[in-house]
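Chains as they are written, first to last, in my numbering: chain V, 3 to 236; chain W, 3 to 208. Virtual Cβ for every residue (Gly too), placed ideally from N, Cα, C.
Next comes the structure, spelled out in C-alpha cells:
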C-alpha cells in the first residue's frame, strides 16, 4: 500500500516561525496551523508520480501545490496536503477470468493504437505473460501499464519497435518526499525508476492484439517497489 | 542494465543486433518444420553470425548471413542444400503459439520467435550485462541458449526442455534471469566453451 508518513510534534514556536516566513498569518491562522499538525496538514509526506509529460524537476525542490502543474489533479494534491493517501483507488489485479487469453483491459496507447491486457499466467518462477505475471512477479498494475503506454517518454525511446509487431514503452515514475506545511510543503524527487512495458500487436483469433507481454522496472527482474504501482496519478 | 541495446539492430533500433536474424530463422523453422529442417546452431560470437542447418537425410548447410538478411534470403540460401519453405501467410501479423503438444521442431520455431521478439531482456531486464552468444538444439527435446556474462568472464548454457513449453512464456527474460542467478560455473558441469569462455550447463528450471 501507498504510505503517507507523518511526522507530527514540531513545537508551536518552530512551526509558527517557519510558517511566518511563508505567510503573514493571523493569530487565528497560527492556531489553526498547530491544529493542522495534529490532523496531518504538516509533517513529512511520501508519494509517487508517473511522469505524464510535464517532468517533475530533478535535483531541486518544488512545492506540493506545484504538482497540479505536472498533471496531478488538484483534488489529489489537496488530499496529500491534508496528509491523506492521494490515490482514490488502490490498484489491485483485475479479477482473473478463466482463460489465459481472456481480455482484462483495453485502452488506447499514446497514438490511439488498440492495446490489450490479457489474463496471462505466471508459473511462480520466471515464465509467463500478461496481467498475472505483471502483477504477481513484477508487482505492477494494469493502471501502471496503461500509464506507461499512454504517457511514454517524449523521446524516441518512449515508444520503439523491438520486433515485427512488438513495441516497448518507457516512462519514469518519481518517488517524492515532502516536508513542511499543507500545500506549501517543500518537495524533492528522491528516486526515479523507469517502467518498461512491451505490447505485442499481433492479432489473436478474437481480432484483438496479443497485448502486454510483460512490464517491469528497468534493471529489476523481480518486484518493483510498491510506490511504483501506487502512484497517485494513475 | 542499459536503456539501449548493447549493439542495436538496424531494423528495430530498440532490439539487439541479432533479433532480426532469430526472428527470420523462426519464420524459416516454422515453415520448414514439417520438412525436417533444423536450425541446429546459431553462433553469435563472431563479427558475422554462423548458422548451421541440418536435414533428416544428413544434408547440412552452414551460412554466414548478415543479421538483417531477411527470411527470403535465408530460404533461398538454404534451398540449395535441402528442402525449406516459408511460414504460413500472416506469420508476422497473427499471433501464434504451437501449444505444448506440438512437434518439437515447431516448438523450437516458436522459441526462436520468443527470443527474437524480446531482446530487451538482454539489456534492460537485469542489473548486470549479459550477451546472447549461441542457440543450439538437438532437434528433439532440448534447446541450449548460451549466455555470456562479461563481468564474470564466463558463460552459462541454459537448457530449455521443449516438452514443457509451447505457450507464450517470455522465455528470453526467463533465460537471462536464470543465467544471471548461476553462481560459480566451476562448481557445475563443464561444457564445451562458448567463444573460449568457461561455460557450464544449467536447466532453465532448477
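Listed in chain order, the positions of the segment 114-141 of chain W with a beta carbon within less than 8 Å of a beta carbon of chain V are 118, 119, 120, 121, 122, 126, 127, 128, 129.
Counting every other CB atom within 10 Å of its CB across the protein chains shown gives residue 110(V) a total below 16, marking it as exposed. About 7 Å separates the CB atoms of residue 44(W) and residue 136(W); that is less than 8 Å, so the two are in contact. For the segment 207-227 of chain V, the beta-carbon criterion of a distance under 7 Å to any beta-carbon of chain W is satisfied by 212, 215, 216, 218, 220, 221, 223. Of the residues assessed, residue 161(V) falls on the buried side of the cut-off, its CB having 16 or more other CB atoms within 10 angstroms. Under the three-state reduction of DSSP, residue 44(V) is assigned to strand.
It is roughly 16 Å from the alpha-carbon of residue 73(W) to the alpha-carbon of residue 12(W). Within the model, the alpha-carbon separation for residue 54(V) versus residue 198(W) is close to 47 Å.
Here residue 47(V) is near residue 187(V), since their CB atoms are less than 8 Å apart. Distance from the CA atom of residue 102(V) to the CA atom of residue 208(W), rounded to whole angstroms, is 25 Å. Secondary structure at residue 152(V): helix, using DSSP grouped into helix, strand and coil. At the C-beta level, residue 181(W) and residue 145(W) stay beyond 8 Å of one another. At a beta-carbon threshold of 9 Å, none of the residues of chain V lie near residue 55(W); the nearest stands roughly 22 Å away.
DSSP places residue 115(W) in no beta strand (DSSP E) but in the uninterrupted alpha helix (DSSP H) bounded by 106-119. For residue 75(V), DSSP assigns no beta-bridge partner whatsoever.
Taking a C-beta distance under 8 Å as the contact criterion, residue 85(W) and residue 121(W) do not qualify as a contact pair.
About 14 Å separates the Cβ atoms of residue 51(W) and residue 80(W), ruling out a contact at the 8 Å cut-off. Counting along the chain, residue 74(W) sits inside the alpha helix (DSSP H) bounded by residues 73-81. Neighbourhood of residue 131(V) in chain W, by CB distance below 8 Å: 170, 171, 172, in chain order.
Within the segment 55-79 of chain V, not one residue has a Cβ closer than 8 Å to any Cβ of chain W. Partner residues in the beta bridge of residue 159(W), as assigned by DSSP, are 148(W), 203(W). Excluding its 5 nearest sequence neighbours in each direction, residue 60(V) has C-beta neighbours in its own chain below 6 Å: 191, listed in chain order. Per DSSP, residue 180(W) is one residue of the alpha helix (DSSP H) stretching across 173-183. Against chain V, the beta carbon of residue 67(W) has no neighbour under 7 Å; the closest one sits roughly 18 Å away. Within the same chain, Cβ atoms closer than 6 Å to the Cβ of residue 133(W) are found at 150, the five residues on either side in sequence being excluded.
Between residue 69(W) and residue 19(W), the C-beta spacing is below 8 Å. Among the CB atoms of chain V, none fall inside 8 Å of the CB of residue 49(W). The Cβ of residue 201(V) sits no closer than 8 Å to any Cβ of chain W. Against residue 168(V), the close residues of chain W are 119, 120, in the order they occur along the chain (beta-carbon pairs closer than 8 Å).
Beta-bridge annotation (DSSP): residue 176(V) is paired with 51(V), 194(V). In the DSSP assignment, residue 116(V) falls within the beta strand (DSSP E) that extends over 116-120.
Segment contact: the segment 154-171 of chain V against the segment 198-205 of chain V, three or more CB-CB distances shorter than 8 Å; contact assigned.
Contact note: residue 94(W) reaches chain V through 166, 167, using a C-beta cutoff of 7 Å and chain order. Look at residue 207(W): its C-beta is under 8 Å from a C-beta on chain V.
Within the same chain, and ignoring the five residues on either side of residue 194(V) in sequence, the residues whose Cβ sits closer than 6 Å to its Cβ are 174, 176.
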